[in-house]
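Counting from 1089, one number per residue, gives the positions in the sequence shown under my numbering.
One structure is given here, and the rest of the page talks about it.
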Amino acid sequence: MIRVAKVAAGSLGAALGLEPGTELVAVNGRALTDFLDWEFLTADEHFMLYVKQPSGEAIEFDVERPEGWPMGVTLEAPRIRRCANHCDFCFVDGNPQALRAPLFIRDDDYRLSFRYGNFATLTNLKPWDEARIVEYRLSPLYVSVHATDPLVRRFVLRNPEAPEIVPQLAGLAAQGIRFHTQVVLVPGVNDGPVLVRTLRDLYGLDDAVLSVSVVPVALTEFSKRHLVRAPTAAECKAALVAVGECAERALAERGVPWCYGADDLYLLAGEPLPPAAWYGDFEQRENGVGAVRYLETRIAMAGFPDLRGQRIGVVTGTAMGPLLPQVLAGLAQATRAVFELLVVPNPLFGPDVTTAGLLPGAAFREALRGRGDLSLALLPAEATNDDAVFLDDVSVDDLARSVPMEIRLSYDFADALTGEPALARVVEN
Ligand code: SF4
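Spelled out as structure tokens, the structure:
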């Protein structure tokens, strides 16, 4: 059973009389367990819908759904599938105690992997989950592989029960499911020959694996640093060599690099980023793969207004500090505004957490306080949740009231300065 949270005016749901609190029980006699059942089972033009209204009245609707008429039903938030692993680098262990409760949920949910591109390990899949993935064709899925050597993977995930990933992916692939994959690089554990084997094994799954990214492990002040450490520059360079060799083969045989290093990996290795064309459709940009080149491409293609006379602050984390000047140079040329980069260390998680998306509201307030010379400040949209609240529970509205300039959230500059929507996804694990 799932429950209605909202119904859009003018929708089919409203015409049926569904309302907040209505229990959606079954479609065509099949019990509804989550949003996937709801979306897939109501996609037909004709179906029987069994509901219980908040008044307790049970109704069965014989629904004729004209093409293009949306159901218009927003469901209550799903119960997230919990993670069965205990990775040493888990972001949950790296949280300071003061954060709100939902940030301590270890999610590992294939449904969110399909819907939002969250990376999942698939270690908690039951046979009926796999059957659903195939039945609903939940493809592509975003999968945290980390290592194809079963022992190393179990060690990385701290899960002795983790199934072997290559047969698992191959089984789903045989039924038409495709994957974007990632390896979180843990030095001394899944780098070196283990990484080479992982890339080779994933490549061996042919077109089932659409891409693989190699991302250096990210740690906070609170992570289990006695168990896991950040990679050195030399280790990142070595990983890039493995990535490069694999990409060269893929380019020759498949026409695409297929295997990518995250921007952070290049940054830590002190190596230049590949050109934009390397990343194709930037399929893993929300995972920090080609994110800088994507921004440059967006800026080059967007039609910006003339903003001359404006002084605009761009607030970011220390990871993007060295990379953004080249992006902002293009933005200044396109808009004729003056841009000032404000690089902010993370006061909540510690200086080793460099991503802009984990900056708390207090950090932005501190950076912008007293900056009346700025007419506008652009803040990373990924630092807020759907309710426009930062990690430390400071809301965007509160922040706006406490700083002397207009603030706008932005994923890619074009969204904030031209009004063009940006694509964005939440990526975890
Ligand atoms: S990092 Fe992801 S997979 Fe690992 S324990 Fe945390 S939530 Fe689970």
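Beta carbons: idealized from backbone N, C-alpha and C, even for Gly.
Small disclaimer: the values here were computed from a predicted structure and weren't measured.
Whole angstroms is fine: what's the gap from residue i's alpha carbon to residue j's?
i       : j       : result
Val1515 : Gly1445 : Any reading at Val1515 must be qualified, since the residue scores a pLDDT of 36, below 50, and its modelled position is unreliable; the value itself is stated next. Looking at the two C-alpha atoms, the distance is approximately 11 Å.
Gly1378 : Val1491 : 32 Å
Asn1517 : Glu1336 : Below a pLDDT of 50, predicted positions are generally treated as unreliable, and Asn1517, at 33, falls in that range; no measurement from the model is reported.
Glu1454 : Pro1413 : 21 Å
Leu1479 : Gly1449 : 7 Å
Asp1294 : Phe1267 : 11 Å
Leu1290 : Val1284 : 10 Å
Val1426 : Gly1397 : 8 Å
Ala1330 : Asp1279 : 9 Å
Pro1158 : Leu1137 : 15 Å
Cys1334 : Val1300 : 10 Å
Pro1228 : Pro1435 : 36 Å
Gln1256 : Pro1215 : 11 Å
Gly1507 : Ala1422 : 15 Å
Pro1281 : Gly1368 : 28 Å
Gly1401 : Ala1502 : 15 Å
Leu1339 : Glu1384 : 23 Å
Val1161 : Val1092 : 7 Å
Pro1319 : Ile1253 : 24 Å
Ala1119 : Leu1245 : 34 Å
Leu1226 : Val1432 : 39 Å
Val1231 : Phe1207 : 5 Å
Arg1242 : Glu1107 : 46 Å
Gly1409 : Asp1237 : 36 Å
Glu1145 : Gly1105 : 12 Å
Pro1304 : Asp1217 : 30 Å
Gly1349 : Val1302 : 5 Å
Arg1203 : Ile1221 : 12 Å
Arg1153 : His1134 : 6 Å
Leu1112 : Gly1418 : 51 Å
Val1297 : Arg1489 : 47 Å
Ala1357 : His1234 : 20 Å
Pick helix, strand or coil for residue i, following the three-state DSSP scheme.
i       : result
His1495 : First, the residue type needs correcting, since residue 1495 is Ile and not His in the sequence shown. Ile1495: strand per DSSP, three-state reduction.
Gln1256 : helix
Ser1232 : strand
Tyr1348 : strand
Arg1091 : strand
Leu1106 : coil
Phe1267 : strand
Val1222 : helix
Ala1119 : strand
Val1272 : strand
Asp1217 : helix
Leu1307 : coil
Asp1294 : helix
Gly1460 : coil
Val1514 : Its pLDDT being 34, under 50, Val1514 is placed unreliably by the model, and the measurement read from it follows with that caveat. Coil at Val1514, not helix or strand.
Gly1101 : helix
Gly1156 : coil
Phe1202 : helix
Leu1446 : helix
Ala1250 : coil
Leu1353 : helix
Ala1261 : helix
List the endpoints of the continuous alpha helix (DSSP H) containing residue i.
i       : result
Asp1289 : Gly1280 to Tyr1291
Val1582 : One cannot answer for residue 1582 here, as it falls past the ends of the chain, which runs 1089 to 1517.
Phe1128 : Phe1123 to Leu1129
Thr1506 : Ala1502 to Thr1506
Leu1487 : Val1484 to Ser1490
Phe1452 : Gly1449 to Leu1456
Arg1242 : Pro1238 to Leu1245
Over the uninterrupted beta strand (DSSP E) stretch that includes residue i, give me the two end residues.
i       : result
Pro1393 : Here Pro1393 belongs to no beta strand (DSSP E), and DSSP marks it neither H nor E.
Ala1465 : Leu1464 to Pro1468
Val1300 : Val1297 to Pro1304
What residues match up with residue i in a beta bridge as DSSP calls it?
i       : result
Phe1135 : Val1151
Thr1096 : The sequence given here has Ala at residue 1096, not Thr. DSSP output for Ala1096 lists no bridge partner at all.
Lys1140 : Glu1111 and Ala1146
Arg1170 : Asp1195
Gln1185 : Looking at the DSSP assignment, Gln1185 forms no beta bridge with any residue, so it has no partner.
Thr1162 : Lys1094
Thr1472 : Phe1478
Ala1208 : Val1231
* Sequence ranges, alpha helix (DSSP H) only - wholly within the region 1355–1440, length at least 4 -> 1379–1389 and 1412–1423
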